[in-house]
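Residue numbers (this note's numbering): 65 to 161. No residue lacks a Cβ here, since even glycine has one placed at the ideal position from N, Cα and C. Take a look at the structure below.
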């Protein structure tokens, strides 16, 4: 019960971090928190249903995909910072190209 509440709280924190921030690095941190909440949820459901091995396999796959995704996202954010000298989402929206 307590772990389910922790997962929901992490999910809410991740969504809030994505929605309330204009800084791209903070948005990436919010995405990381959100992915960690989903990872914990998969482990929790696997433990409760008795299929922990399947849940662990899914989580390992998800971690690999997450690392690749965040690496590419950080590269894009660094490119935006070099081009724009800012990480503000409002300034990125004004770009035309």
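Inter-residue distance for residue 94 and residue 78 is about 4 Å (C-alpha atoms, whole angstroms). Counted as a single uninterrupted DSSP element, the alpha helix (DSSP H) harbouring residue 157 occupies residues 153-157. For residue 83, the enclosing alpha helix (DSSP H) stretches over residues 66-84. C-alpha of residue 90 to C-alpha of residue 81: approximately 7 Å in a straight line.
Under the rule that a run must span 3 or more residues, no beta strand (DSSP E) segment is found entirely inside the region 73-152.
Counting only residues of its own chain and dropping the five nearest sequence neighbours on each side, residue 68 has a CB closer than 7 Å to the CB of 108. In chain order, 101 place their CB closer than 6 Å to the CB of residue 75, counting only its own chain and leaving out the 5 sequence neighbours on each side. Residue 98 has its alpha-carbon roughly 10 Å from the corresponding atom of residue 73.
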